[in-house]
Amino acid sequence: MKIKIIFIALVGLTLYPELHPSNCFAQGTWVQKANVGGPVRTFAVGFSIGTKGYIGTGTSGIADFWEYDPSANTWTQKANFSGGVRYGAVGFSIGTKGYIGTGCNNGFSVFNDFWEYDPSVNTWIQKANFGGAPRTSAVGFSIGTKGYIGTGSLTCMTISSMAQDFWEYDPSVNTWTQKTNFGGASRGYAAGFSIGTKGYIGTGLGTISYYNDFWEWDQATNAWTQIANFGPARCEAIGFSIGNCGYIGVGTVSIPTGSMDDFWRYDASTNTWVQDANFGGGLREAVAAFSIGCKGYVGTGWVNDANPKTDFWEFTPASSGSCACSVLSISIAFANPLCSGQCIGTATATPTAGTSPYTYNWSNAQTIQVITGLCAGNYSVLVTDASGNTATANITITQPAAITTTVSSTNASCGNNNGTATVNASGGTPVYTYSWSPSGCTASSCSGLGAGNYSVTITDANGCTQTATVSVTSTAGPTVTTSSTPQTCTQGGTATANASGGNSPYTYQWCNGASISSATGLSAGSCTVIVTDASGCSTTSTVTITASGNIPTASVTATSASCGNNNGTATANVSGGTSPYTYSWNPSSQITSTITGLSAGNYTCTVTDATGCAAVQNVSVSASSAVIAGVSATPSACGNNNGTATVNASGGNSPYAYSWSSGYTTSSCTGFAAGNYSVTITDVNGCAQTATIAVTQSGGGPVATVASNVTITSGQSATLTAGGGGTYQWSNGSTNNPIIVTPPVTTIYCITVTDINNCSDTACVTVTVETEPIDCGYADDQLFIPDAFSPNNDTKNDELGVYYPNPDCIKEFVLIIYDRWGEKVFEANNITAAWDGTYKGQLMNTAVFVWYMKVSFIDGNEVVRKGNVSLIK
């Protein structure tokens, strides 16, 4: 039986909604779980953080603190509450932290201290004292990132003084701010909860009476509004919220003998209280409770101020209608920084279930869904949905190891650019690229370096960079001084080289082939000595040999042997002495001052004057190698001019010039038909080489054929057969041969035939489709409209339409339906349209409707009809 109780307050004409007994609505269920850890207790405090619940403190004289894991149904003792023994304290959670404050100790002292619990490190930290007066048995809850405490008894174990003030705690700045006082009378031992951005407080005990009034606080306006009264008045009840509904239950209606076991559900969307399933543990007061996801948890307390308990119960609501609950969960997608030390990571939190909109509170103080600028480290997010349900998730942002380098070098010897530098990179994200300065080298090892400082920038696959520096030093070659004695007609001159510096010992190479520090038998003129130290560094010095008396002196010049031929020359120039002169060359047998046809090599010229005095000089004839040509070709395929020819030149002296018989001037040529071609390569010295190459023919390619054009009637098929050999590819995608086609309209089909040389040819055929004429005879006699229909979603006669077997005969169509007042409720211009009995989105009531139909046929006939139709439900 439904009981309806209506309260009317004359002030503001507030209409209080209904209270509903439990037999009118679906009931939740209670299941007993593992007993709360530790001793029996009453007036304990409870809250939840993420997927774990917490209960601690309470009478008599205990400060222990326990964590409950619903997935394992186990209790684990945590660090004792640091504020000392306590009962009647208040607690709530904000994000990943829990908070406990106020309450009484065993010495009947009230407190206003306030403490924060961090489950990640299992520690308590004292925070700013509660902003109001010390008290016990207050109400606390959290909304978003703020916590709230209000009402309470200002004394222990008496009801002589009660509070009405209400305070907000902001953990980000650790401050309390007083808000608008609680809307009801001063009281203690009240119960409350929060839903979304609203807080709720009601029931409780004043200095002389019990209360059942209930009040809603709006965080946005800081205002209290009285809402529907709770059921029977009481104190020491407990409250929690699940989804969009709050739950209040147990407590006492008369201390010390009035313990109760009823539980009530409040639906904020309808402002109604509904009695739910009684507490599974039976009569109880001064219990502790919390909710996790879509479950509520209640435990401890006592019965009629005696028999303290440790039992613990899980409540699963019926979760129907606006009280339906879905567990809020969070997933985080994130991107790590690409380089060590970067702070460019991102993270996106995606809520699942719960009730939108959502708010986000990240551990780095950002409050949006997508956060950026993240360095490597651990991050967590607290997401709160519109119903006040919360979920947390954690991620770890990582970064690659920093790029590290080791460098080494070898010296540049003899003052030359022959030093080297090497960098070895690790860390970061391989592979690496290198950029050296000032050398421009792009490898990990660089050569040809002169003495100096070099820097290298290493870039990894993510674009991260690291710079290293290295020094290349230089070792100097030897220093050489020379002395000489003149040549006489009977005795050659002498020369001596004195070496210092560099690294001894030294080796010597003189113009006359001597290999010690002194050379003898030298003719007048210039003589060169090359001194090389132990490090391989060389210094060249030239000494002049003078002539004593009238003796001849000679100098010899040479031209190179080019293009690999014996076409070098050498010429002796003589002065002094007494002419005429005779010439002797070695290894040549020529006896003139200029000799020709020389290959590369060393030559000695002896010049003797008329008195028999001689001068000897050496000369080297250098050479350039001949040009060598290597050729290759690819055939001309499919009867086309698509052959290629390539020449690879070596020898001689680059760069090379190319001249093909076809007119090309590059090393590789394309577009050749089958045939023979020649190419002449000329190096920078004019040395030339000619090569020939043959381009062959790989075949003439297939010839595609296809059947003649075909004419069919709409709906018929045609078989198309192609020829030509090889593989087949039709324009409709088929690779079969033949194919069967049934085109709805005239269509061109093309076949491409490809042979084993990848040569192809294409042919096409047209399939003409003729439409069969439509027979519209007696068309108007076949129009039919039912006289009734029933749009009740039973799949039978749910719509009203015009039935006609050949819609193609219709040129124009109009169907209009009017209600009995003449208002048009449906119009269609297509015979396939049907009326579902609705008008402006609403199903019409049972009634008779008038219809008007006009049909024009393609044969020129026109039909106009009117009639009635009944809508039946």
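First residue of the sequence shown? That's 352 in the working numbering, and the numbers climb one at a time after it. Where is the CB? At the ideal position from N, CA and C, for every residue including glycine. Computed from a predicted model, the values in this text were never measured in an experiment.
- Taking a 10 Å sphere around the C-beta of Q1133, we find fewer than 16 other C-beta atoms and assign the residue as exposed.
- With a cutoff of 9 Å on beta-carbon distance, G491 and G498 are scored as near each other.
- Under the criterion of beta carbons closer than 8 Å, G652 and A675 do not qualify as touching, at roughly 29 Å.
- Taken through DSSP and simplified to helix, strand or coil, D1132 comes out as helix.
- Between the stretch 685–695 and the stretch 621–636, the count of C-beta pairs closer than 8 Å stays below three; the two stretches do not touch.
- With a minimum length of 3 residues, the unbroken runs of beta strand (DSSP E) contained wholly in the stretch 1083–1131 fall at 1090–1092, 1098–1105, 1111–1121.
- When secondary structure is reduced to three states using DSSP, G672 falls in the helix class.
- For G724, the enclosing beta strand (DSSP E) covers residues 721–725.
- Excluding residues up to 5 positions away in sequence, T773 lie with their Cβ nearer than 6 Å to the Cβ of S759 in the same chain.
- For G602, the closest C-alpha among the options T621, S1005, S610 is that of S610.
- When beta bridges are read from the DSSP output, I643 appears opposite K646.
- For D1138, the CB contacts under 8 Å within the same chain, skipping 5 residues up- and downstream, are G1218, N1219, V1220, S1221 in chain order.
- Around the Cβ of S523, a 10 Å sphere holds fewer than 16 other Cβ atoms; the residue is exposed.
- Its Cα nearest to that of A536, the residue G553 stands out among G553, Q529, S545.
- When the Cα atoms are used, T818 and P781 turn out to be separated by approximately 16 Å.
- Residue state for D1159 is assigned as helix, using DSSP reduced to three classes.
- G446 has its alpha-carbon roughly 21 Å from the corresponding atom of T697.
- Distance from the Cα of S822 is smallest, within the candidate group T771, I451, D1187, N729, for T771.
- Under the 8 Å Cβ criterion, the stretch 1064–1076 does not count as touching the stretch 934–954, having fewer than three qualifying pairs.
- By the Cβ rule, the stretch 743–755 counts as touching the stretch 723–731, because three or more pairs are nearer than 8 Å.
- When DSSP assignments are scanned along the stretch 870–898, the uninterrupted stretches of beta strand (DSSP E) that are 3 or more residues long and fall wholly within it turn out to be 876–883, 889–896.
- Around A640, the same chain offers G397, I589, G590, F591, G647, Y648, V649, G650 as residues with beta carbons nearer than 8 Å, after the five sequence neighbours per side are excluded.
- DSSP places G1218 within a strand segment (E or B) once states are collapsed to three.
- A check of alpha carbon separations from N1148 across A1185, Y617, T808 identifies A1185 as the nearest.
- Contact between V604 and Y540 does not hold, since the beta-carbon distance rounds to 12 Å and is not under 8 Å.
- Annotation: I979 to S1001 spans about 5 Å, alpha carbon to alpha carbon.
- With distances taken between CA atoms, A395 lies nearest to G454 out of P421, T526, G454.
- Boundaries of the beta strand (DSSP E) around Y520: 517–521.
- Residue environment: R392 is assigned as buried (16 or more neighbouring CB atoms within 10 Å of its CB, all protein chains considered).
- Within the DSSP secondary-structure output, V1206 pairs in a beta bridge with F1164, V1214.
- Annotation: the continuous beta strand (DSSP E) that includes S592 extends over 589–593.
- Of the other Cβ atoms in all chains shown, fewer than 16 fall within 10 Å of the Cβ of R1171; this residue is therefore exposed.
- Look at R437 here: in three-state DSSP terms it is coil, with no helix or strand label.
- Pairing N740 with S399, the inter-Cα distance amounts to about 11 Å.
- Ranked by Cα distance from Y954, the options T910, F462, P751, T1197 are led by T910.
- Separation of V882 and Y857 (C-alpha to C-alpha, rounded to the nearest whole angstrom) is 6 Å.
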